[in-house]
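In the numbering used here, the protein residues as written are 46 to 327.
Positions of the beta carbon are idealized from the N, C-alpha and C atoms, including for glycine.
In this text the structure is predicted, and so the values were computed from the model without any measurement.
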């Protein structure tokens, strides 16, 4: 018979061997070591690359949005963006669009482009035409990408001579070319009506001034062509300008681009003091 002490020692050895073997085959043991690995899910930080892509996409989306400065006060419809194509032509052109204003909109400096803000603050050569000159620039900037080069009093001309000393209102750049802009309003109070004779008188005077200022401007400010921008507040005024323009002498029309903008709710372009946007002149 085996002594008790040796028996207990042998039994302990067998028991520990069995236990060790069972632990070695425990299915959870090996994954336990790898469990440190799912911290490699921090390796899903590689997905940070996707996050970076999302940020990049957001930035690209932001770049695709139109610059807020390209927005225009009011809503413009009709022909837009055609002046650049006319600059190299020796012929005149006639362009029509509509600029509508709504109640609640404000004719105020913060709502204008940088060029419009400059004109808003600039002194002109007389009269109360600031609003029409500002909105003319805003239309040309919105449609044709015009940038402001000089205001009315900054453009340089030859010294006065025996002829008319007509000047133009704005010097802008469109498609890399200097363009003169003269602004006028085909307007009379609605109760007085507006006839073709009124339109002939207005267009003749303004086109003569356009041609004369083109002769007088100094080389540093010399433009390739001029725009005569006409604002009309009623259907009758708009229609009269449209009818009369093609009947004028070819030498008078020369190569000038006439832009006719019919306004609605734009009484501030014509009246002083300015009525609220969305309303006409009293």
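Option in the options with minimal Cα separation from residue i
i, options, result
"residue 258", "247, 246, 272", "272"
"residue 269", "232, 295, 224", "224"
"residue 149", "252, 311, 248", "311"
"residue 294", "265, 249, 316", "249"
"residue 252", "283, 291, 267, 222", "291"
"residue 246", "212, 282, 221", "282"
"residue 319", "174, 156, 141", "174"
"residue 141", "212, 154, 181", "181"
"residue 328", "287, 276, 267, 324", "The question about residue 328 has no answer, for the chain in this structure spans 46 to 327."
"residue 243", "256, 261, 215, 277", "277"
"residue 210", "153, 161, 164, 262", "262"
"residue 308", "193, 275, 197, 226", "275"
"residue 219", "154, 192, 187", "192"
"residue 284", "183, 184, 187, 231", "231"
"residue 321", "289, 222, 123, 153", "153"
"residue 124", "166, 185, 155", "185"
"residue 168", "327, 196, 227", "196"
"residue 138", "217, 327, 287, 194", "287"
"residue 143", "226, 221, 306, 227", "306"
"residue 265", "222, 256, 289", "222"
Sheet register partners of residue i (DSSP bridge)
i, result
"residue 270", "224"
"residue 230", "276"
"residue 193", "217"
Helix, strand or coil at residue i according to DSSP, with G and I counted as helix
i, result
"residue 321", "coil"
"residue 17", "As displayed, the chain neither begins before 46 nor continues past 327, which places residue 17 out of reach and without an answer."
"residue 293", "coil"
"residue 98", "Per-residue confidence for residue 98 stands at a pLDDT of 36, beneath the threshold of 50, marking its modelled position as unreliable; the derived number appears in the next sentence. In this structure, residue 98 counts as helix in the three-state DSSP scheme."
"residue 218", "strand"
"residue 141", "strand"
"residue 134", "coil"
"residue 259", "helix"
"residue 311", "strand"
"residue 301", "coil"
"residue 156", "helix"
"residue 121", "strand"
"residue 326", "coil"
"residue 112", "Here residue 112 scores only 39 on pLDDT, less than 50, and its place in the model is too uncertain to base an answer on."
"residue 306", "strand"
"residue 83", "Confidence at residue 83 is low in this model, with a pLDDT of 34, below 50, so its placement is unreliable and the value that follows should be read with caution. DSSP places residue 83 in helix when its eight states are reduced to three."
"residue 242", "helix"
Where residue i falls, given that 16 or more other Cβ within 10 Å makes a residue buried
i, result
"residue 254", "buried"
"residue 317", "exposed"
"residue 158", "buried"
"residue 127", "exposed"
"residue 234", "exposed"
"residue 136", "exposed"
"residue 280", "exposed"
"residue 96", "Confidence is the limiting factor: at residue 96 the pLDDT is only 35, short of 50, which leaves the residue's position unreliable and the question unanswerable from this model."
"residue 61", "Confidence at residue 61 is low in this model, with a pLDDT of 46, below 50, so the placement of that residue should be treated as unreliable; the coordinate-derived value is given next. That one is exposed."
"residue 161", "buried"
"residue 178", "buried"
"residue 229", "buried"
"residue 189", "buried"
"residue 176", "buried"
"residue 198", "exposed"
"residue 183", "buried"
"residue 214", "buried"
Heavy atom of the ligand ADP within 7 angstroms of residue i beta-carbon
i, result
"residue 296", "As for the ligand ADP, it is missing from this structure, which has no ligand bound."
Legend entry - Cβ contact check for the region 137-156 and the region 114-129: 3 or more pairs under 8 angstroms: yes
Legend entry - Meets three-Cβ-pair contact criterion under 8 angstroms: the region 232-246 and the region 185-205: no
Inset, instruction - Would you check if there are 3 or more beta carbon pairs closer than 8 angstroms linking the region 126-138 to the region 298-315? - result: yes
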